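S.K.:
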Amino acid sequence: MNPEPHTKKHIVIIGAGFGGMACAFRLARLSNVAVTLVDKRNHHLFQPLLYQVATSTLTAPDIARSVRSIFKTHQNVDVRFDEAKRIHRHSKRVEFSSGYSLEYDYLVLATGVRTSFFGNDHWQKHTLQLKSLSEAFEIRKSVLKNLELADQSSHEEERNKLATVVIVGGGPTGVELAGAFSDLIKRTMRNSFRNFDARTQRIVLLEGMPDLLTPFSEEQRLYAKRHLEGLGVEVKTNSFVEDIQPEEVHLQGGEVIHSGAIIWAAGVEGMNIAKKLDVPVSRANKVLVNPNLTIPGSPELYVIGDAAAINQEDGSSVPGVAPAAVQGGEFVADHIRKSILGHPVPEKFNYADKGKMAVIGKGAAIVDIKGRRVEGWFGWLIWLFVHLIFLVDFRSKLAVLINWFWSYVQNSPGSRVFTSTSSEISVAEKASSERDHESS
Numbered sequence: 005m006n007p008e009p010h011t012k013k014h015i016v017i018i019g020a021g022f023g024g025m026a027c028a029f030r031l032a033r034l035s036n037v038a039v040t041l042v043d044k045r046n047h048h049l050f051q052p053l054l055y056q057v058a059t060s061t062l063t064a065p066d067i068a069r070s071v072r073s074i075f076k077t078h079q080n081v082d083v084r085f086d087e088a089k090r091i092h093r094h095s096k097r098v099e100f101s102s103g104y105s106l107e108y109d110y111l112v113l114a115t116g117v118r119t120s121f122f123g124n125d126h127w128q129k130h131t132l133q134l135k136s137l138s139e140a141f142e143i144r145k146s147v148l149k150n151l152e153l154a155d156q157s158s159h160e161e162e163r164n165k166l167a168t169v170v171i172v173g174g175g176p177t178g179v180e181l182a183g184a185f186s187d188l189i190k191r192t193m194r195n196s197f198r199n200f201d202a203r204t205q206r207i208v209l210l211e212g213m214p215d216l217l218t219p220f221s222e223e224q225r226l227y228a229k230r231h232l233e234g235l236g237v238e239v240k241t242n243s244f245v246e247d248i249q250p251e252e253v254h255l256q257g258g259e260v261i262h263s264g265a266i267i268w269a270a271g272v273e274g275m276n277i278a279k280k281l282d283v284p285v286s287r288a289n290k291v292l293v294n295p296n297l298t299i300p301g302s303p304e305l306y307v308i309g310d311a312a313a314i315n316q317e318d319g320s321s322v323p324g325v326a327p328a329a330v331q332g333g334e335f336v337a338d339h340i341r342k343s344i345l346g347h348p349v350p351e352k353f354n355y356a357d358k359g360k361m362a363v364i365g366k367g368a369a370i371v372d373i374k375g376r377r378v379e380g381w382f383g384w385l386i387w388l389f390v391h392l393i394f395l396v397d398f399r400s401k402l403a404v405l406i407n408w409f410w411s412y413v414q415n416s417p418g419s420r421v422f423t424s425t426s427s428e429i430s431v432a433e434k435a436s437s438e439r440d441h442e443s444s
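So the sequence shown is numbered by my numbering: it starts at 5 and just counts up by one.
Have a look at this one:
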């Protein structure tokens, strides 16, 4: 229900990722606004650790929590489980898939990104992706099930295919997946099977560029490659995918890799909602925003996080990472507050780079914080600290991540269970609900 006119300004936020949540939290402190937070999922996901659900280190309750429960004490925040279908900029109204519509005074789009196949959309049905809990469960289920089938197979060719995982994309997600799967299968599960040696499993990481992790220094890229190879990962750079067929990856040059689990981690693009705004977008379908994160011609409509293409003064783009989304969400909340009060508003969003990091496996990471570079065990400790502190902007997350750290150190065997996706999500939601009840 929309607020009555001339009382509170109505702010609609679409997307409960890092940017949308940061914006909602800051606006929730204000008494002169009513916030409606809408997402097609009912949970906030700690995306940086999603790959560890896929690789059996964590379970869903460790990194996801019901959005409604997070805001249960904020009376001026209404949470809706829905998906935006159409935006009427001139009448300031949003239509949703359920048939419901909302009028707004300010609209914040924090819709994130989806997997991009660079025009080869037919590859989607032959690959596994990693943007949601259900996709993480599907990766886990596929890999673990294939290992079970490989242990039962008497045909060497079939066993080799089932025991091969191919990861396309040598960015942070691909590298983290490769390292974590190697730790899981070649170390933790090495004595788990009787008819086949898990250490012989192939984990193949494909990257079209000459190096992995291109944003990092040459020294750190080389460290990452050597460490992965030390874990038994086959790293293939300068390897362009020509085609993907069922259980087959075809590379330029003619090589064909047979695999029972092909994971695509090679690119993202903006959601379709951006196209419906009738505004310029980047090649990756991200909205080209003004310096203050509004869109041309609509000063009350903001786009933040991965959904926005934000250019910095040096010509580079703001990276699609959680700290950038959080900073954008807080900037927009302050911009809206000042606009409502009639105060001067900031003209430009300035991203404060917190650095970059990637985990290469248990006990190893590379970190670059404003030119200060660290690799190995100490880098891994920094990575843990950042995820336990700096990315934990929401009160519940610290306890969740402490639980994650304990299960990570213990390498809990329960996380290697696979079942149907819907069952796992139900377990996650039930655990989240129980946790919320205990804290109330």
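Ideal placement from N, C-alpha and C gives every residue a C-beta, glycine not left out. Quantities reported herein were computed from a predicted structural model and do not represent experimental measurements.
1) Roughly how many whole angstroms lie between the Cα atoms of R377 and V179?
2) Does F85 come out as helix, strand or coil in the three-state DSSP assignment?
3) Is the Cβ-Cβ distance between K229 and L209 less than 7 Å?
4) Taking buried to mean at least 16 other C-beta atoms within 10 Å of its own C-beta, is T11 buried or exposed?
5) Suppose the cutoff is 6 Å on Cβ atoms and the five residues either side in sequence are ignored; what does the same chain contact list for L113 look like?
6) Would you check if there are 3 or more beta carbon pairs closer than 8 Å linking the segment 283-293 to the segment 238-250?
7) Could you please give the first and the last residue of the uninterrupted beta strand (DSSP E) stretch that includes P303?
8) Just verifying my parser: in three-state terms, what is the DSSP assignment at H78?
9) What first and last residue would you give for the alpha helix (DSSP H) that runs through E142?
10) What span of residues does the alpha helix (DSSP H) with F389 cover, start to end?
11) Would I15 and T115 be called neighbours here (beta carbons separated by less than 7 Å)?
12) Using a Cβ-Cβ cut-off of 6 Å (strictly less than) and excluding sequence neighbours within five positions of S102, which residues of its own chain qualify?
13) Do three or more CB pairs link the segment 153-169 to the segment 256-267 at distances below 8 Å?
14) In its own chain, which residues sit with a C-beta less than 6 Å from the C-beta of D82, not counting the 5 before and 5 after it?
15) Helix, strand or coil: which one does DSSP assign to D495?
16) Do W384 and G361 have their beta-carbon atoms positioned less than 7 Å apart in this structure?
17) What are the partner residues of R69, as DSSP defines its beta bridges?
18) Does the beta-carbon of E273 have 16 or more other beta-carbons within 10 angstroms, so that it is buried, or is it exposed?
19) Determine, using beta carbons only, whether F22 and V330 come nearer to each other than 7 Å.
20) Which stretch, first to last residue, makes up the alpha helix (DSSP H) that contains E334?
21) Can you give the Cα-Cα distance for P300 and N294, rounded to whole angstroms?
22) Helix, strand or coil: which one does DSSP assign to G274?
M.R.: Taking the geometry as given:
1) 18 Å
2) strand
3) no
4) exposed
5) I18, V307, A311
6) no
7) 302-307
8) coil
9) 137-156
10) 380-392
11) no
12) D86
13) yes
14) T40
15) An answer regarding residue 495 cannot be provided, because it is not within the stretch 5 to 444 covered by the chain.
16) Correcting the residue type first, residue 361 is Met in the shown sequence and not Gly. No. Outside cutoff.
17) H48
18) buried
19) yes
20) 326-345
21) 7 Å
22) strand
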